[in-house]
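Novice: Per the numbering used here, residue 4 is the first one in the sequence shown, and the count goes up by one each step. Even glycine gets a Cβ: it sits at the ideal position worked out from N, Cα and C. Given the structure is predicted, the values throughout are model-derived calculations rather than measurements. Handing you a structure now.
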Amino acid sequence: MYGKRKKLKKQGDIFILFLHPKPKASNPQSLSLYNHNRNNPFTSASKQITIFIFLFPVSSNLACRQRMAQYSNGSSSVHQGESSCLSHSVSVPPLIISYNDRIRPLLDAVDKLRHLMIMREGIQLPTIVVVGDQSSGKSSVLESLAGISLPRGQGICTRVPLIMRLQNHPDPEPELVLEYNGKKIHTDESFIAEDICTATEEIAGSGKGISKAPLTLIVKKNGVPDLTMVDLPGITRVPVKDQPEDIYDQIKDIIMEHIKPEESIILNVLSATVDFPTCESIRMSQSVDKTGMRTLAVVTKSDKAPEGLHEKVTTDDVSIGLGYVCVRNRIGNETYEEARVAEAKLFSTHPLLSKIDKSVVGIPVLAQKLVQIQAGSIARCMPEVIKQINEKLATNIAELNKMPKKLSTVAEAMTTFMQIIGQAKESLRKILLRGEYDEFPNDEKMHSTARMVEMINQFSNELHKCIGTDDTANFLIEEIKVLEESRGIGLPNFLPRAAFLSILQRKVNLISNLPVEFVMKVWDYIQVIVLAVLMHHSEHYPQLQQPIRRAGKSVVERMKDRSISWITEVVEMEKLTDYTCDAAYTTEWNKLMTQQQTFLNQVLVSDYRPATVFLEGFGKIEVGNLWEHPDVLQQAFDLKMRMTAYWKIVLRRMVDSTALYLQYGVQNLVNKEIEKETIGELMSPSGGGIERLLEESPSLSVKREKLKKSIKLLKESKDIVGSIVDSVSVSYSDQ
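Rendered as structure tokens:
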């Protein structure tokens with residue numbers, strides 16, 4: 004890590020830091036910089052990255068300590084005694100020297116982004132969030148930093164998130180502005196507390212309830228630190244009069260929403276009078292910042308409970324990564340200058356509090372730390388904020404461009420409708436006919452040709468394994484019975500054709516339901532594909548989807564009915580007659596018949612009359628009492644072999660013809676039927692006509708307006724961060 008500084012003259016100048024994979028020796032220049040994450044999130048594989056860091060010389064802390072000592076030594080204008088009073092006015096320097104003109108724009112840019120509600124776009128900003136239990140002294144701390152009076156009283160004083168923007172102002176006359184609900188109210192120090200209460204009542208109601216809607220207070224005053232903080236309602240567990248029963252849960256939700264983002268710095272205000280581990284604010288901050296690396300603790304009311312305070316802030320039982328700052332609350336009618344003098348004296352002369360290191364006591368130290376922490380947080384987060392703004396803007400513009408054009412004429416509507424139909428047809432051709440699935444790569448259901456092949460193979464397997472067509476059990480028994488019942492007056496050894504047809508018809512009847520069920524299953528699947536594609540291409544025109552869906556269902560149902568009628572006829576034709584010109588039938592029959600003599604010898608001639616014999620093509624078969632039918636056994640074997648050879652032809656023919664017919668039907672559906680049916684449905688009385696396209700759906704209209712507003716906000720945000728990057732960026736060359 005190494006750096007270049009440009010015109011480093013005073014606190015607040017810019018320090019350009021280059022990050023390398025292997026850090027070099029650190030720059031010897033004293034650098035008091037907040038860095039709560041050693042693994043900088045912007046370190047990448049690139050050779051070097053430029054980030055902006057703000058330099059705060061150690062001399063500032065030293066000067067601050069010297070000033071505090073000045074107000075607490077023997078020559079101080081504050082007289083010691085039980086009734087101490089200021090004998091004359093004391094000149095107190097500002098809390099901290101303001102940012103110079105080159106650094107102030109960064110904080111202004113963050114404030115502008117916050118005012119634009121950029122967080123609603125999911126982009127988190129670097130923020131100092133002030134939390135604390137009720138009556139912990141939050142208001143006193145913020146008053147001391149801002150130099151103005153805030154609402155005080157019993158119960159919850161802060162009922163809405165109060166965004167305090169403090170800015171050092173050269174004009175001796177302070178400028179105070181309240182912004183809420185689109186209003187901009189100018190006020191002054193005399194009425195600021197009253198005006199905050201009025202604004203709070205308008206936002207959260209006149210009771211004691213709370214609201215998530217923010218109230219912004221802009222304080223431009225000479226001597227205040229350049230800070231932006233979000234003060235949240237104090238934590239209370241027990242609701243008081245007029246407070247909702249779930250007041251604790253409401254407050255917790257608001258606090259967690261603000262402190263959960265990694266970009267948030269938690270300013271945890273703790274009272275010295277309580278045990279730190281028991282504070283609810285500590286528990287909440289620890290739940291989101293377990294290491295404490297983005298939590299700074301402010302201990303108030305140090306003068307009320309000095310015993311053991313030194314041990315509390317040095318032992319750090321609650322893991323406060325950014326350290327502690329102990330302060331004294333303003334008492335009674337003290338001016339802020341008088342309070343700071345008294346505070347400096349307290350921590351210098353009190354026998355217990357004077358033991359606490361002077362680098363962690365006093366409002367000036369707190370102001371200095373907050374400014375440094377804020378500067379480091381902005382430097383660390385701004386590159387990511389800029390990146391997120393650019394990415395979100397590009398995404399929203401692309402999404403808006405993808406949205407359909409708002410149609411204004413019938414001609415535009417007709418053109419759009421025909422484009423929808425054309426695109427849907429092309430998608431269906433790719434999915435159903437060509438087997439291309441680039442439009443739905445991760446949805447296997449839409450890989451149609453592959454699923455169709457799976458269904459056809461399953462159909463073929465079911466046909467061959469159909470119950471009742473087993474050829475091994477009771478071998479030849481059916482053939483013998485049919486032959487005996489088909490006998491007539493005529494020459495012997497002729498196979499009666501009636502016997503063959505009788506067995507064929509029985510076998511076809513057994514499988515007759517399978518082809519019909521298969522056809523219905525295929526068309527139900529095709530309907531899913533067709534509707535998914537139609538809905539996909541008409542998604543931007545919801546007013547069209549109902550008639551298009553009806554058309555898709557209607558045309559597929561019609562094609563399914565045609566296919567069922569056709570397959571039913573095919574089944575009936577197979578029962579009507581026995582015919583094939585396929586030479587495979589004769590080949591298969593001859594092959595099977597070569598085993599006839601061997602089989603007859605085993606059954607009729609063998610002395611032991613086996614219960615089973617092995618037959619090639621059938622395996623082990625049951626022969627039972629076949630020896631009792633020697634006169635028809637030869638004919639029965641012949642009939643069985645003929646039927647076996649022919650049945651293979653029947654099943655293969657049924658599968659092949661069904662697959663071809665379905666493919667033909669799908670092609671007609673895609674190329675002809677779907678377009679005709681869709682146009683007819685849209686133009687029917689129930690379809691509403693092409694004019695329906697001119698009516699943009701409410702959901703689409705809302706989405707369009709939401710994107711436009713988001714793009715407008717992001718463009719404004721981009722201009723804001725672009726202007727500050729231009730103003731603070733420093734060119735550099737590769738080292």
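Taking only runs of the beta strand (DSSP E) that begin and end inside the segment 599-627, which ones reach a length of at least 3 residues, in chain order?
Specialist: Counting only runs of 3 or more, we get 615-618 and 622-625.
Novice: So what does DSSP say about residue 171, is it helix, strand or coil?
Specialist: Indexing the sequence shown from 1 puts residue 171 at position 168. Three-state result, residue 171: strand.
Novice: Go ahead and pull the three-state DSSP assignment for residue 523.
Specialist: Locating residue 523 in the sequence shown gives position 520, counting from the first residue. If DSSP states are grouped into helix, strand and coil, residue 523 belongs with the helices.
Novice: Under 7 Å between the Cβ atoms of residue 254 and residue 238?
Specialist: One-based indexing of the sequence shown puts residue 254 at position 251. One-based indexing of the sequence shown puts residue 238 at position 235. Yes, these two residues count as a Cβ contact at 7 Å.
Novice: Can you tell me which of the three DSSP states residue 160 falls into?
Specialist: Residue numbering aside, residue 160 sits at position 157 when the sequence shown is read from its first letter. Looking at residue 160 - three-state DSSP - the assignment turns out to be coil, as it is neither helix nor strand.
Novice: Which class does residue 704 belong to by DSSP, given the choice of helix, strand or coil?
Specialist: In the sequence shown, counting from the first residue as 1, residue 704 sits at position 701. Residue 704 falls in the helix class under three-state DSSP.
Novice: Answer with buried or exposed for residue 631, where buried requires no fewer than 16 other C-beta atoms within 10 angstroms of its C-beta.
Specialist: Within the sequence shown, the letter at position 628 stands for residue 631. Exposed: under 16 other Cβ atoms inside 10 Å.
Novice: Among residues of its own chain, excluding the 5 on either side of residue 168, which ones have a beta-carbon nearer than 6 Å to its beta-carbon?
Specialist: To locate residue 168, count along the sequence shown from 1; it is residue 165. Here the set comprises 114, 221 and 231.
Novice: Less than 7 Å between the C-beta atoms of residue 681 and residue 554, yes or no?
Specialist: As a working mapping, residue 681 is identified with position 678 in the sequence shown. As a working mapping, residue 554 is identified with position 551 in the sequence shown. Yes, the Cβ-Cβ distance between residue 681 and residue 554 is below 7 Å.
Novice: Given this structure, state the Cα-to-Cα distance separating residue 486 from residue 478, to the nearest angstrom.
Specialist: Working through the sequence shown from its first residue, we reach residue 486 at position 483. Working through the sequence shown from its first residue, we reach residue 478 at position 475. Those two C-alpha atoms are separated by around 14 Å.
Novice: Would you kindly report the start and end of the unbroken alpha helix (DSSP H) that includes residue 425?
Specialist: Taking the sequence shown and counting its residues from 1, one reaches residue 425 at position 422. Looking at the DSSP string, the run of the alpha helix (DSSP H) that includes residue 425 is 413-431.
Novice: Taking the continuous alpha helix (DSSP H) assigned at residue 663, which residues delimit it?
Specialist: In the sequence shown, counting from the first residue as 1, residue 663 sits at position 660. From DSSP, the alpha helix (DSSP H) with residue 663 extends over 633-671.
Novice: For residue 245, count neighbouring C-beta atoms within 10 Å of its own C-beta (all shown protein chains included) and say buried if the count is 16 or more, exposed if not.
Specialist: The sequence position of residue 245 within the sequence shown is 242, counting from 1. By the neighbour-count rule (16 or more Cβ atoms within 10 Å), residue 245 is not buried but exposed.
Novice: Would you check whether the ligand ADP has a heavy atom nearer than 6 Å to the C-beta of residue 647?
Specialist: Only the bare structure without any ligand can be found here, which leaves the ligand ADP out of the picture.
Novice: Do the segment 116-132 and the segment 314-329 make contact, defined as three or more Cβ pairs closer than 8 Å?
Specialist: With the cut-off at 8 Å, the segment 116-132 and the segment 314-329 do not touch.
Novice: Rounded to the nearest angstrom, what separates residue 190 and residue 177 at their Cα positions?
Specialist: Stepping through the sequence shown from its first residue, residue 190 is reached at position 187. Stepping through the sequence shown from its first residue, residue 177 is reached at position 174. For residue 190 and residue 177, the distance between alpha carbons rounds to 10 Å.
Novice: Give me, in chain order, the residues of the same chain whose beta-carbon lies closer than 7 Å to that of residue 519; leave out the 5 immediate sequence neighbours on both sides.
Specialist: Translated into positions along the sequence shown, residue 519 becomes position 516. For residue 519, where only same-chain residues beyond five positions count, the Cβ hits under 7 Å are 567, 570 and 571.
Novice: Verify whether the separation of the beta carbon atoms of residue 328 and residue 277 is less than 7 Å.
Specialist: As a working mapping, residue 328 is identified with position 325 in the sequence shown. As a working mapping, residue 277 is identified with position 274 in the sequence shown. Cβ distance not < 7 Å, so residue 328 and residue 277 don't count as in contact.
Novice: Starting from residue 327, trace the beta strand (DSSP E) in both directions and tell me its first and last residue.
Specialist: For the purposes of this step, residue 327 is taken as the residue at position 324 of the sequence shown. From DSSP, the beta strand (DSSP E) with residue 327 extends over 327-329.
Novice: Does the distance from the CB of residue 334 to the CB of residue 233 come in under 7 Å?
Specialist: As a first step, residue 334 is located in the sequence shown; it is residue number 331 there, counting from the start. As a first step, residue 233 is located in the sequence shown; it is residue number 230 there, counting from the start. No, the Cβ-Cβ distance between residue 334 and residue 233 is not below 7 Å.
Novice: Residues in its own chain within less than 7 Å of residue 248 by CB, not counting five upstream and five downstream?
Specialist: Here residue 248 refers to the residue found at position 245 when the sequence shown is read from its first residue. Taken in chain order, the residues that qualify are 242.
Novice: Can you tell me which residues form a DSSP beta bridge with residue 267?
Specialist: Indexing the sequence shown from 1 puts residue 267 at position 264. Looking at the DSSP assignment, residue 267 forms a beta bridge with 130.
Novice: Can you tell me where the alpha helix (DSSP H) with residue 406 in it begins and where it stops?
Specialist: Taking the first residue of the sequence shown as 1, we reach residue 406 at position 403. No alpha helix (DSSP H) contains residue 406, which DSSP labels as neither H nor E.
Novice: Leaving out five residues before and five after residue 494 in sequence, what residues of the same chain have Cβ atoms less than 8 Å from its Cβ?
Specialist: Residue mapping note: residue 494 aligns to position 491 of the sequence shown, counting from 1. Excluding positions up to five away in sequence, the list is empty.
Novice: Which residues does DSSP pair with residue 188 in a beta bridge?
Specialist: To locate residue 188, count along the sequence shown from 1; it is residue 185. Note: residue 188 sits in a beta bridge opposite 181.
Novice: Under DSSP, the beta strand (DSSP E) around residue 219 begins and ends at which residues?
Specialist: Within the sequence shown, residue 219 is the residue found at index 216, counting from 1. Note, residue 219: beta strand (DSSP E), 218-224.
Novice: Is the segment 427-435 in contact with the segment 531-539, if contact means three or more CB pairs nearer than 8 Å?
Specialist: Judged by Cβ distances under 8 Å, the segment 427-435 makes contact with the segment 531-539, as three or more pairs qualify.
Novice: Among 547, 200, 441 and 402, whose alpha-carbon lies nearest the alpha-carbon of residue 713?
Specialist: The residue labelled residue 713 in the question sits at position 710 within the sequence shown. The shortest C-alpha separation from residue 713 is found at 402.
Novice: Mind reading off the beta-carbon distance from residue 3 to residue 562? Whole number of angstroms is fine, and I expect it under 8 Å.
Specialist: Here the chain covers residues 4 to 738 and nothing more, so residue 3 does not appear.
Novice: Which residue's Cα is closest to the Cα of residue 351: 295, 361 and 136?
Specialist: Reading the sequence shown from its first residue, position 348 is the one you call residue 351. Nearest of 295, 361 and 136 to residue 351, Cα basis: 361.
Novice: On the three-state DSSP scale, how would you describe residue 378?
Specialist: Taking the sequence shown and counting its residues from 1, the one referred to as residue 378 is at position 375. Residue 378: helix per DSSP, three-state reduction.
Novice: Tell me which residue opens and which closes the beta strand (DSSP E) that residue 299 is part of.
Specialist: For the purposes of this step, residue 299 is taken as the residue at position 296 of the sequence shown. Note, residue 299: beta strand (DSSP E), 298-303.
Novice: Taking buried to mean at least 16 other C-beta atoms within 10 Å of its own C-beta, is residue 482 buried or exposed?
Specialist: For this step, residue 482 is matched to residue 479 along the sequence shown. So residue 482 counts as buried.
Novice: Can you have a look at residue 306 and say buried or exposed, based on whether 16 or more other CB atoms are within 10 angstroms of its CB?
Specialist: For the purposes of this step, residue 306 is taken as residue 303 along the sequence shown, with counting starting at 1. Classification of residue 306: buried, given that the 10 Å Cβ count is 16 or more.
Novice: For the segment 324-358, which segments carrying the alpha helix (DSSP H) assignment without a break, of at least 4 residues, lie completely within its bounds, in sequence order?
Specialist: Counting only runs of 4 or more, we get 339-352.
Novice: Who are the Cβ neighbours of residue 406 in its own chain at under 8 Å, not counting the five residues just before and after it?
Specialist: Numbered from 1 along the sequence shown, position 403 holds the residue referred to as residue 406. Excluding residues within five positions, the ones whose Cβ falls inside 8 Å are 543, 703, 706, 707 and 710.
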